[in-house]
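In the numbering used here, the protein residues as written are 777 to 1155.
Just so it is clear, CB atoms sit at the ideal spot from N, CA and C, and this is done for glycine as well.
Working notes for the structure below.
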Ligand code: HSE
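This is the structure:
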């Protein structure tokens, strides 16, 4: 099959090298780039129409990221009856229903395994599990940058800023790392995973999110005393009356499998009624891991493997359905806050169980008087 790559950055470049090395099955006919690289004049173009109008191109691989012009390119490609693979979590999350419907109408596939989990074949296996199972829970570490920061702070004693700079230098972080450290990158991966698992389109803004921007060395020391490890966790659960879906720092016991996930690794877990708990661990970001996941999607198109289903309904997460205790550190302690649980060393409160929506709403209120406040779930 003939492939066109949109973008020749980290992921696009990785996919290109892998396809060239494979020698067979797939061939890159065109690459859309901002400028033509010397020596690549025959394959590179700066005009998307060269790809769109090329009848020989079967698969368009979108790796430019962001919403626009990625959205326009992907919709045009699907309408031209070209299969699309994409690593773009922002695009897939925002336009999931529309793009899946468009792919269906045009009899082509839209695959996006690399958009959540990077090199981990998470979404592929979630889809596969669903064939004969009912998914009841999804969870995991789905952001490599924040795992690298938390690992470096916990195991190496690095301050937050130094750990973030190192993650940027290693190419794990987004162009604007706010999406990593504020949890929005994981929020999108959470919404995509939940959409696949529950055959609906889960609204990104219904997934409550709190990141690790304000975690301090003092917090890390307190977690160590508690015998716990802090990880930025994606959590999705099926309840009788809907689903809960949120992203927040969580304090895990040392025995939890996620506690030993080091560096920028991801670990994703599904719970199915038949299969039970199933976890996958691997590189959640990076040129070749993500590039290889993108190429796997192309090969799955080639062999017409099972793909994601068009969503049947719009879903909003309801986080009043889930509750647990929290670690809450804020300088704005009030009598009302003291009643939430037990104050420890005058430094933080361990709350009685609160609903996830209560805690996230309270954090938004507290941030007005204490922008540096921090909380983490204790499950
Ligand atoms: N910035 C993302 C991460 C890249 O750190 O996980 C992969 O999606």
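- Between residue 1053 and residue 841, the alpha-carbon positions lie close to 32 Å from each other.
- Distances from the alpha-carbon of residue 931 to those of 917, 1005, 953, 919 put 1005 closest.
- The beta carbon of residue 794 sits closer than 8 Å to the beta carbons of 1064, 1067, 1068, 1071 from its chain, once the five residues preceding and following it are set aside; these are given in chain order.
- The alpha-carbon of residue 896 is positioned some 15 Å away from that of residue 921.
- Residue 1033 carries a helical assignment under DSSP once its states are collapsed to helix, strand and coil.
- Residue 1042 has 1058 as its beta-bridge partners, per DSSP.
- Taking 8 Å as the cut-off, one finds no heavy atom of ligand 1 near enough to the beta carbon of residue 791.
- The three-state reading of DSSP puts residue 934 in coil, since its state is none of H, G, I, E or B.
- Going by beta carbons, residue 1109 and residue 1125 fall inside the 9 Å limit.
- For the set 821, 1107, 993, 964, the Cα lying nearest the Cα of residue 811 is the one of 821.
- Closest by C-alpha distance to residue 819, out of 784, 915, 1098, 990, is 784.
- Residue environment analysis places residue 803 among the exposed positions, since fewer than 16 neighbouring C-beta atoms fall within 10 angstroms of its C-beta.
- Bridge pairing for residue 984: 1022 [DSSP].
- For the pair residue 986 and residue 959, the CB atoms are nearer than the 9 Å cut-off.
- Boundaries of the beta strand (DSSP E) around residue 911: 911-917.
- DSSP places residue 1149 outside both helix and strand once states are collapsed to three, so it counts as coil.
- Residue 823 sits in coil when the DSSP states are folded into three classes, being neither helix nor strand.
- Take residue 1024, set aside five residues on each side of it, and the residues of its chain with a beta-carbon closer than 6 Å to its own are 986, 1153, in chain order.
- The Cβ atoms of residue 1100 and residue 1120 lie no closer than 9 Å to each other.
- If you check the CB distance, residue 1062 and residue 788 do not come in under 9 Å.
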